[in-house]
Every structure is written in structure tokens, then in C-alpha cells.
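Chains as they are written, first to last, in this note's numbering: chain A, 16 to 350; chain B, 61 to 431.
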Ligand SMILES: Cc1ncc(C[n+]2csc(CCOP(=O)(O)OP(=O)(O)O)c2C)c(N)n1
Ligand SMILES: [Mg+2]
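As C-alpha cells, then:
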């Protein structure tokens with residue numbers, strides 16, 4: 016199902032992640048007349064992050080829909096549109112505003128394929144700018160991935176680079192399953208070249224970002240950059256860190272993490288979401304079970320505290336940074 | 061509450077909005093609503109309006125200077141806010157959105173408390189119990205249900221009658237699309253709750269005009285839920301005051317919910333992060349500038365109040381003092397301490413959280429040892 020096309024090389028020049036997602040959506044709208052884009056302010060404004068900029072002008076109001084203000088309505092009607100053969104790509108304006116749609120997502124969207132014994136499919140994509148670090152007010156910095164990854168029937172992914180964002184949004188649209196697509200909003204403006212020549216990695220696979228030998232550092236979305244920076248800082252001190260970008264949170268590519276941990280013997284997982292009952296806990300459990308005897312240290316997690324996402328002027332103390340990651344790396348090495 | 065001189069019979073009023081003060085500052089009569097206020101009170105509204113605007117302008121400037129993270133301007137909506145805020149008694153309770161800065165001032169919330177969440181040092185900032193002004197709610201529509209439940213509580217406390225209490229729930233035009241708001245309307249009606257829903261229809265929900273949310277005027281929505289809707293000129297402080305007072309009296313006396321649609325206009329951007337030039341016509345903004353809520357009170361007072369020049373000068377001075385206090389107060393507002401994030405998460409001790417706090421404290425202390 017994943018688009019595996021090459022578009023004849025062609026350098027794009029560096030593009031931001033926000034732009035890359037927009038370009039991917041444009042391709043999805045061009046490729047399949049059933050693709051729709053819908054949400055609050057996605058049309059005329061192009062979304063509050065301008066990800067959908069220009070799509071209304073080029074694809075019209077029937078396909079790029081400025082919806083009324085209601086998240087349950089956005090996802091609930093997307094379910095209906097999907098039942099009628101459409102592929103709605105819904106934008107939730109910010110992470111903290113997805114909850115009014117929670118019932119539609121968890122009780123209907125995630126379950127209809129199973130309930131209908133495969134007769135129905137609901138290929139809805141839910142794009143959510145997520146995570147903190149942008150100095151925002153309440154409800155604009157949350158990391159709700161565990162709720163969705165905990166829900167059977169949903170695929171959950173998060174790109175960390177413009178290139179992944181460009182390809183993964185197209186893969187999400189063409190997936191027959193509902194996909195929660197988590198966009199690391201504080202990385203929206205980071206630029207990189209898109210690789211249009213080679214075929215993209217499948218949506219469900221993790222990516223080895225940096226090879227290393229002493230510690231495996233697993234991250235996704237916004238913390239991949241943090242992990243890379245931490246690995247660079249560690250290298251100065253002679254410590255070799257392997258960085259893995261999970262990309263998919265459901266399913267989790269545990270095989271990729273296991274293969275790495277078998278080499279390094281140590282695993283540190285970094286995410287912004289609270290550590291307590293988060294993705295890191297699941298990885299820790301699975302890795303411990305699969306390669307207990309390869310581990311030189313317990314699996315360590317670096318992430319948010321079990322508190323509401325704090326006000327902007329203390330968020331730096333909540334968000335995992337290079338120092339906190341290195342602190343965990345040191346602890347893992349000291350065992 | 062002897063000031064409720066309106067003869068409103070509790071039925072729907074619209075589509076012509078109730079207006080008691082024209083854009084030119086002329087008083088007009090309405091068959092159902094009257095603003096029975098003294099000249100001294102009008103002078104007070106003038107002061108409220110000017111201070112609210114000055115706070116708004118100052119906060120916008122502070123955001124531009126990087127002192128605030130964000131600011132949602134209430135520019136142009138001051139009459140809707142002051143008129144409705146001043147209609148409340150101290151026994152009433154208001155549930156705001158995130159834009160009710162003018163109402164906040166009428167409830168005695170200090171400007172610096174109000175700015176704490178926009179500075180990014182707090183998620184609340186003031187005492188909602190002492191002020192009768194609930195914390196701001198950013199999640200669109202959520203507060204309408206909280207307000208309805210609070211009103212059900214007042215009802216169960218027997219706070220009914222002309223010395224009773226009512227709730228004023230604020231919402232925007234965009235919010236009327238949220239499921240939570242429909243549920244609030246259903247509950248309020250089913251429970252006959254003492255609540256007034258005060259919708260500031262400012263024409264826009266970020267980039268979406270009100271026409272994207274509703275095919276009928278918002279005040280008519282109330283019909284289907286079984287309670288009256290009243291449309292008022294939201295830029296007329298006297299009209300808003302009279303309508304809100306009458307609606308609150310109706311609710312307090314056991315008449316059940318009322319929906320007030322205050323027709324106003326968001327003169328500024330949605331927030332300081334927004335760029336309205338992408339979606340709205342500057343002519344529309346210009347047309348509304350001619351209906352400025354402060355200008356018409358000024359015109360009225362210039363005509364009716366021989367001492368207005370003195371008042372205007374005094375209010376101007378006070379506004380400058382407020383701005384100066386806000387500027388220096390915001391700049392010197394301390395950041396929270398890192399470990400503050402663990403405070404008040406639970407009302408009762410929570411062992412796991414305390415462990416996390418201790419670990420975090422030890423981590424922070426490890427830096428001190430190094431340096
Ligand atoms: C549940 C939820 N969804 C989306 C948002 C993002 N958002 C903030 S304000 C706004 C528009 C609100 O419009 P309206 O109700 O008319 O109030 P106004 O901003 O005009 O005062 C939106 C969509 C939000 N805060 N909460
Ligand atoms: Mg509005």
C-alpha cells in the first residue's frame with residue numbers, strides 16, 4: 016500500500032517539515048480524488064501552522080474543508096466519509112484539542128474494521144501537531160501518543176525529519192487503517208533536503224540514525240534531534256551511542272531495537288510524554304523480555320514528569336534535553 | 061437589584077439587536093429593555109472600558125516585546141465584556157473563555173494576575189472563588205458545561221429568587237459548534253438551571269467566519285433547546301448591561317436559562333500569533349471601527365456630563381498608571397522554580413509523584429556539586 020514511487024530524482028532544496036507535510040498532502044490529493052483534507056482553519060488560512068497552505072486554492076472547497084469548530088464532528092464525519100470510500104486527512108489544531116474526539120477515535124474509528132469482520136475499513140488520517148518546547152499556553156504542548164498507541168486498531172506514527180514527514184504522510188493516507196500522525200511541532204521549521212529518488216522506508220519501520228556501540232538511544236518525533244545532539248556530545252567524551260528513530264509507535268519496531276541492544280547492551284528511551292506508563296515502559300518491558308541476557312544495565316527512560324504539562328517558562332525543566340539524556344547514558348554505563 | 065427596570069417577558073428578542081445607545085452615542089428606547097443607570101454609573105463604565113482597552117493594548121505590546129508568550133486581544137469587544145461583567149452581582153459566578161479580560165477587571169481580578177498565564181508562569185493566576193470569576197478555559201466550549209453544573213449547584217443550594225445567584229457562561233460564536241455546548245444547552249434546559257449563556261459573536265473563529273458555524277442567527281439556537289434567546293448590540297455597553305441584567309434576573313428567579321448573543325467584532329487578530337490579513341477584508345474591519353464601543357460612550361458623556369473633560373483626563377492618567385504597572389510587573393514576574401511543577405497535582409499525598417520530585421531535586425543538585 017505504501018507509495019513506492021520515485022519521481023526522477025530532482026533536488027527540492029531544503030524544505031521545512033511543515034512544508035514537507037504540505038507537499039505530501041498535495042501529492043495525496045493529486046494521486047487520489049478520494050483524498051480530503053479537513054479541519055479547523057485548514058482552508059483559507061492554510062492551518063495555524065500553514066501546513067495546508069495553498070491546498071484550498073488548488074483543490075477546492077469540496078476537498079479541502081474548513082469545518083465547523085468541533086473535534087468530535089471532524090473525526091465522526093471522517094468516519095462516515097471513509098465508510099463512503101473517501102480518505103479524509105483530519106487536522107486537529109493542537110494536541111490538547113483531540114480529546115473531544117476521543118470517543119469517536121477510540122470507540123468507532125479504531126474498532127469498525129474488527130467489528131465488521133473486515134468488511135468495513137476506515138482509512139482516516141488524524142494529523143496532530145504535538146509536543147512542547149514552543150513556549151505555548153496550556154493544551155498546546157501535550158504528548159498524547161500513549162493513549163492512541165494503547166488503542167488497538169489505530170496505527171500511530173511520528174516523523175522526525177522533513178523527508179520522513181513527506182513520505183509518511185502519503186503512506187498514512189494510503190494505509191487501509193486509521194493512522195494517528197503526530198507532527199513534532201517544535202521541529203516544523205527545521206529544514207532538510209527531501210530524497211525523492213529512493214523509495215521510502217515502510218511506515219512501520221524504525222530507522223537507524225547513527226550507528227554506535229555502547230548505548231542504544233531510542234527516540235521519536237521531537238526527541239530524535241535531542242538524541243542526535245546527545246550522541247554528538249557523548250562522542251566528544253569518547254562514548255559511542257547508537258541512535259534509533261522509532262518512527263512508528265504502533266506497531267513498535269521492537270525487532271530493530273532488539274537488534275541494536277544485542278550489540279550495545281544498553282538502552283535509553285527518550286520521549287517528551289510522561290515516563291510513567293509511556294512508550295518507554297513498553298519498550299523496556301519488551302526488550303527486557305527478549306534480550307535480558309544481552310543487557311548490561313536496566314533500560315532507562317528519560318521523559319516528562321507525571322505532572323500536567325507545565326507553564327512555558329518552566330517547560331525546559333520538563334522536556335528531556337541533552338543533559339538529561341547524557342545523565343541517563345552515564346547511569347547506564349556505570350552499571 | 062432594584063435596577064432591573066426592563067420589562068422583558070422572557071421571550072425571544074431578535075433579529076434586530078437590542079440597542080440603547082447608538083454608534084453616535086444617542087440614547088434610544090427599547091420596548092423590553094432599559095438601562096436604569098445613573099450618570100455616575102455611565103462614568104464608571106467609561107472608565108472600565110478605557111482601562112480594559114489600555115490593558116489590552118499594553119499586553120499586545122508586551123507580547124511583541126517577548127515579555128508575554130501570547131495574547132488574545134479583546135479589542136472591540138469591551139462593551140460586551142464590561143456590560144455583561146457589570147450586570148453580575150457579587151453573588152453570581154462567571155465562567156470565561158480566554159478572552160474575557162474586560163470581565164476579569166470587573167470581577168476584581170488584578171491585571172497582573174490575569175497576565176500570569178500569558179506570561180507563561182501559571183496555568184491559572186487568580187482566585188476563582190474570591191472573585192466569582194472562574195479560571196480561563198482554552199478548550200473551546202468546555203466551560204459551558206462546568207457553568208451549567210455550577211448553576212445546578214446553586215439551584216440545589218436554594219439560591220433562587222430575586223436575592224439569589226446565577227451563572228454567566230461566556231462562549232464564542234465558534235464554540236456554538238462544539239458538542240459540549242449543545243450538551244450544556246440541553247442540560248441547562250432540562251434542569252431549568254439558573255444560567256445565562258453569553259455568546260460574543262465577534263464574527264470570527266480564528267479564520268472562519270460565523271457563517272461556517274451556523275445557518276441561523278446564534279440567538280435562535282436557543283429555540284430548539286426550549287429557552288429564550290436575545291440578541292443585543294454587543295458594542296453598546298448600556299444595551300448589553302440591560303439585557304444581561306434582565307437575563308440574569310430571569311435565571312435567578314427560576315425562569316431557567318437564557319442565551320444572549322452579543323453581536324460584536326474582533327477588531328484585532330485572533331491572538332498575537334495570528335495574521336488576519338490572510339482571511340478577512342480590511343473594509344470589514346473599517347466598517348466596525350465606526351461602531352467602536354468606547355466612542356459612543358464618550359459621545360454620550362460629552363453631551364450629558366458637564367464634568368466629562370475632567371473624567372476623561374483622570375481616566376487617561378489612570379490608564380497610563382495601569383499600563384506602567386503592567387509593564388514593570390510583567391517584566392519582574394519571577395519564573396516558577398523547576399520543582400514547582402510537582403506542586404498541587406493532587407489534593408492528597410501521592411507517593412510516586414513525591415519520588416519523582418525527589419529524583420528531580422537530586423538531579424538538579426548534581427549540577428550544583430559540579431559547579
Ligand atoms: C477544543 C478546542 N479546539 C480547538 C481550539 C483552537 N482554537 C482556539 S480559539 C478557536 C476559535 C474560537 O472561536 P470563537 O469560539 O468564536 O471564540 P473567539 O476566539 O472568537 O473569541 C480555536 C479553533 C481550542 N482552543 N479548543
Ligand atoms: Mg468568535
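Glycine included, each C-beta is placed from N, C-alpha and C at the ideal position.
(message) Run through chain D and tell me which residues come within less than 8 Å of residue 81 of chain A, C-beta to C-beta.
(response) Within the model displayed, chain D is absent; protein chains A and B are what it includes.
(request) Consider the Cβ of residue 203 of chain A: report whether some Cβ of chain B lies at a distance smaller than 8 Å. (result) no
(message) Suppose the cutoff is 6 Å on Cβ atoms and the five residues either side in sequence are ignored; what does the same chain contact list for residue 212 of chain B look like?
(response) 251, 253
(request) Could you please give me the residues that DSSP links to residue 81 of chain A through a beta bridge? (result) A:54
(request) From the DSSP output, read off the bridge partner residues of residue 73 of chain B. (result) B:290
(request) Please find out if some non-hydrogen atom of ligand 2 comes closer than 7 Å to the beta-carbon of residue 87 of chain B. (result) no
(request) Verify the contact flag: residue 265 of chain B, CB atom, against every heavy atom of ligand 2, threshold strictly below 7 Å. (result) yes
(message) Would you say residue 333 of chain A lies against chain B (beta-carbon separation less than 8 Å)?
(response) yes
(request) Tell me, please, whether the CB atom of residue 230 of chain B is closer than 8 Å to any CB atom in chain A? (result) no
(request) Note down, in chain order, each residue of its chain lying with its Cβ closer than 6 Å to the Cβ of residue 315 of chain B, except the 5 sequence neighbours on either side. (result) 70
(message) Classify residue 79 of chain B: buried if its beta carbon has 16 or more other beta carbons within 10 angstroms, exposed otherwise.
(response) buried
(request) Rank B:165, B:103, B:140 by C-alpha distance to the C-alpha of residue 382 of chain B and give the top, closest one. (result) B:165
(request) Using the Cα positions of residue 156 of chain A and residue 28 of chain A, report the straight-line distance between them to the nearest angstrom. (result) 30 Å
(message) With distance defined between alpha-carbon atoms, name the residue in B:322, B:394, B:239, B:344 nearest to residue 142 of chain B.
(response) B:322
(request) Just the chain B side, please: which residues come within less than 8 Å of residue 112 of chain A by C-beta, in chain order? (result) 199, 200
(request) Quick one: which residues of the stretch 142-154 of chain A get their C-beta closer than 8 Å to a C-beta of chain B? List them in chain order. (result) 150, 151, 152, 153, 154
(message) Restricting to runs no shorter than 4 residues, where is the alpha helix (DSSP H) found entirely within the stretch 92-165 of chain B?
(response) 99-124, 138-147
(message) Quick check: the stretch 334-345 of chain A against the stretch 281-291 of chain A, are at least 3 beta-carbon pairs closer than 8 Å?
(response) yes
(message) Can you tell me whether residue 62 of chain B is buried or exposed? The criterion is at least 16 other CB atoms within 10 Å of its CB, across all chains shown.
(response) Because residue 62 of chain B sits at a pLDDT of 39, beneath the cut-off of 50, its placement in the model cannot be relied upon, and the following sentence gives the value as read from the coordinates. Exposed: under 16 other Cβ atoms inside 10 Å.
(request) Return the chain-ordered list of same chain residues with a C-beta closer than 6 Å to the C-beta of residue 80 of chain A, the five sequence neighbours on each side being excluded. (result) 53
(request) Could you tell me which residues DSSP pairs with residue 427 of chain B in its beta bridges? (result) Partner(s): none; residue 427 of chain B has no beta bridge.
(message) For residue 282 of chain A, report the span of its beta strand (DSSP E) as first-last.
(response) 282-289
(message) Pull the bridge partners of residue 247 of chain B from the DSSP assignment, please.
(response) Answer is none; residue 247 of chain B lacks a bridge partner.
(request) Would you mind reading off the limits of the beta strand (DSSP E) that contains residue 319 of chain A? (result) 315-319
(request) Would you mind stating whether residue 32 of chain B and residue 156 of chain B have Cβ atoms separated by less than 8 Å? (result) Residue 32 of chain B is absent from the structure shown; chain B starts at 61 and stops at 431.
(request) Provide the residue span of the beta strand (DSSP E) that contains residue 339 of chain B, from first to last. (result) Residue 339 of chain B -> no beta strand (DSSP E), and no H or E assigned at all.
(request) Determine the closest residue to residue 236 of chain B out of B:319, B:180, B:298, with distance taken between C-alpha atoms. (result) B:319
(request) Give me whichever residues DSSP pairs with residue 260 of chain B in a beta bridge. (result) B:232, B:322
(message) Tell me whether residue 84 of chain A, by its Cβ, gets closer than 7 Å to a heavy atom of ligand 1.
(response) yes
(request) Can you tell me which of the three DSSP states residue 206 of chain A falls into? (result) strand
(message) Alpha carbons only, please: which of B:271, B:215, B:285 is nearest the one belonging to residue 241 of chain B?
(response) B:285
(message) Let me check you understand the geometry: is the CB of residue 76 of chain B closer than 7 Å to at least one non-hydrogen atom of ligand 1?
(response) no
(request) Please list the partners that residue 310 of chain B has in chain A, where partner means a Cβ-to-Cβ separation under 8 Å. (result) By Cβ distance, chain A contributes nothing, its closest Cβ being about 28 Å from residue 310 of chain B, past 8 Å.
(message) Which residues in chain B have a C-beta closer than 7 Å to the C-beta of residue 56 of chain A? List them in chain order.
(response) 266, 267, 268
(message) Helix, strand or coil, according to DSSP, for residue 172 of chain B in the structure here?
(response) helix
(request) Could you confirm whether any beta carbon from chain B is found closer than 8 Å to the beta carbon of residue 246 of chain A? (result) no
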